[in-house]
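>
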Amino acid sequence: MQLPVLSLQQISSFSLVFLRITAMIVMIPVFGDRTVPARVKVGFGLILAVIVYPFLKTDALPPVTSNFISMVIGMAGEVLIGIIIGFVARCIFAGVQAAGELIGFQMGFSMASVLDPLSNVQISALAEFQYLIAMIVFLFVDGHHIFINAIVESYRSIPPLGFSFSGPLMEMLFNYTRELFVIAVKISAPIMAVMIFVNVGLGIIARTVPQINVFIVGFPLQIAVGFFFLGLSIPLFINWLGTVFHQLPADIRQLMLLM
Numbered sequence: 036m037q038l039p040v041l042s043l044q045q046i047s048s049f050s051l052v053f054l055r056i057t058a059m060i061v062m063i064p065v066f067g068d069r070t071v072p073a074r075v076k077v078g079f080g081l082i083l084a085v086i087v088y089p090f091l092k093t094d095a096l097p098p099v100t101s102n103f104i105s106m107v108i109g110m111a112g113e114v115l116i117g118i119i120i121g122f123v124a125r126c127i128f129a130g131v132q133a134a135g136e137l138i139g140f141q142m143g144f145s146m147a148s149v150l151d152p153l154s155n156v157q158i159s160a161l162a163e164f165q166y167l168i169a170m171i172v173f174l175f176v177d178g179h180h181i182f183i184n185a186i187v188e189s190y191r192s193i194p195p196l197g198f199s200f201s202g203p204l205m206e207m208l209f210n211y212t213r214e215l216f217v218i219a220v221k222i223s224a225p226i227m228a229v230m231i232f233v234n235v236g237l238g239i240i241a242r243t244v245p246q247i248n249v250f251i252v253g254f255p256l257q258i259a260v261g262f263f264f265l266g267l268s269i270p271l272f273i274n275w276l277g278t279v280f281h282q283l284p285a286d287i288r289q290l291m292l293l294m
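Be aware that the sequence shown starts at 36, since it is given in my numbering, and climbs by one per residue.
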């Protein structure tokens with residue numbers, strides 16, 4: 036059996052498809068985490084590239100250029116497309132982790148940190164807990180399918196070597212970065228408000244009944260109240276995550292229109 040001979044045009048076009056897909060895989064949550072070996076990421080990108088490549092129109096594929104610098108710039112553009120597509124979900128997960136850090140700080144867990152195997156950094160135990168909840172919801176709503184569909188749809192609006200970095204695109208990326216902090220405040224605000232009232236109450240007790248050691252009473256009280264309201268907020272947190280993840284396709288589509 037004779038193997039098919041690939042032309043230089045096909046090899047270069049396939050390389051561009053592979054770069055865009057692999058860059059997206061490296062950025063998206065779950066699959067892009069450090070616990071996933073690099074070989075698995077590259078292998079998954081290669082499999083998706085083999086699946087996607089035959090469906091691309093031949094006339095949409097770029098011609099082979101002898102200009103090395105132009106080809107390198109084009110490859111960098113393909114990598115940026117994949118990174119930007121995955122960046123949207125990364126902002127959501129980063130916001131969730133930041134919210135966990137804020138809640139943990141208010142509950143007195145600032146010294147209780149764990150090594151996050153997904154990012155290989157020290158984070159609050161509550162931040163890790165909320166990140167894992169977000170990961171489960173992401174997989175439950177088929178978030179990975181959202182990004183596979185997004186990478187296929189990207190070739191309809193952004194052909195290979197067709198990336199352009201515009202002012203509106205940069206502005207939208209800044210907006211998503213800002214949304215990271217908005218997400219953190221939205222998630223943590225209810226529990227932080229409760230903890231402020233607890234601290235105010237402890238301060239009043241310390242002034243009116245100085246015989247009570249507020250530090251001994253306050254620390255377990257903060258933890259108990261914090262966990263109680265955290266448990267009450269988990270169903271709302273999960274519903275909110277589901278809504279945000281279902282909005283992802285529209286957000287990604289809007290980004291692709293600006294590229």
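All C-beta atoms in this analysis are idealised placements derived from N, C-alpha and C, irrespective of residue type, glycine included.
Here the structure is a predicted model, which means the values were calculated and not measured.
From PHE200 to GLY80, what distance separates their C-alpha atoms?
24 angstroms
> Between the beta-carbon of LEU215 and the beta-carbon of GLY109, is there less than 9 angstroms?
no
> What is the rounded straight-line gap between the Cα of TYR88 and the Cα of PHE232?
58 angstroms
> Can you tell me whether PRO245 is buried or exposed? The criterion is at least 16 other CB atoms within 10 Å of its CB, across all chains shown.
Answer is exposed; the Cβ neighbour count stays below 16.
> VAL172: buried (16+ other C-beta within 10 angstroms of its C-beta) or exposed?
buried
> Would you identify the three-state DSSP class for MET294, choosing helix, strand or coil?
coil
> Going by C-alpha distance, which of PHE128, VAL71, LEU54 is nearest ALA111?
When C-alpha distances from ALA111 are compared across PHE128, VAL71, LEU54, the shortest belongs to LEU54.
> Closer than 8 angstroms is the cut-off here; do at least three beta carbon pairs connect the region 216-228 with the region 126-139?
The region 216-228 is in contact with the region 126-139.
> Mapping the DSSP letters down to three states, classify GLN246 as helix, strand or coil.
If DSSP states are grouped into helix, strand and coil, GLN246 belongs with coil.
> Assuming contact is defined by CB atoms lying nearer than 9 angstroms, are MET31 and GLN282 in contact in what I supplied?
There is no way to answer for residue 31, as the model of the chain reaches only from 36 to 294.
> Assign ARG55 to one of three DSSP states: helix, strand, or coil.
helix
> From LEU237 to GLY253, what distance separates their C-alpha atoms?
7 angstroms
> Determine whether the Cβ of GLU136 lies closer than 9 angstroms to any Cβ atom of chain C.
Checking the listed chains, one finds no chain C in this structure; it contains a single protein chain.
> Quick one: complete alpha helix (DSSP H) runs, 4+ long, within the region 70-129?
73-87
> Looking only at its chain, what residues have a beta carbon closer than 6 angstroms to the beta carbon of LEU38, apart from the 5 residues adjacent to it on each side?
Note that LEU38 has pLDDT 48, beneath the 50 cutoff, so the model's placement of it is unreliable and the number below is only indicative. For LEU38, where only same-chain residues beyond five positions count, there are no Cβ hits under 6 angstroms.
> How many angstroms separate the CA atom of VAL260 from the CA atom of ASP68?
33 angstroms
> Can the beta-carbon of ILE138 be found closer than 9 angstroms to that of MET227?
yes
> Given a threshold of 16 other Cβ atoms within 10 Å of its Cβ, counted over all protein chains shown, does MET36 qualify as buried or as exposed?
With a pLDDT of only 47 at MET36, under 50, the local geometry of the prediction cannot be trusted, and the value read off the model is given with reservation. Counting every other CB atom within 10 Å of its CB across the protein chains shown gives MET36 a total below 16, marking it as exposed.
> Report the rounded CA-to-CA distance for LEU208 versus ILE120, giving the unit in angstroms.
11 angstroms
> DSSP state of PRO225, grouped into three classes?
helix
> Go through its chain and collect everything with a Cβ distance to THR212's Cβ below 7 angstroms, but skip five positions before and after it.
The residues are CYS126.
> Which residue comes first and which comes last in the alpha helix (DSSP H) that contains VAL187?
Going by DSSP, VAL187 is part of the alpha helix (DSSP H) stretching over 178-192.
> Would a C-beta distance cut-off of 9 angstroms place PHE66 and HIS179 closer than the cut-off?
yes
> Buried or exposed: where does PRO255 fall if 16 or more other Cβ atoms within 10 Å of its Cβ makes it buried?
exposed
> Please work out which residues of its chain come closer than 6 angstroms, Cβ to Cβ, to SER50, disregarding the five sequence neighbours upstream and downstream, and give them in chain order.
none
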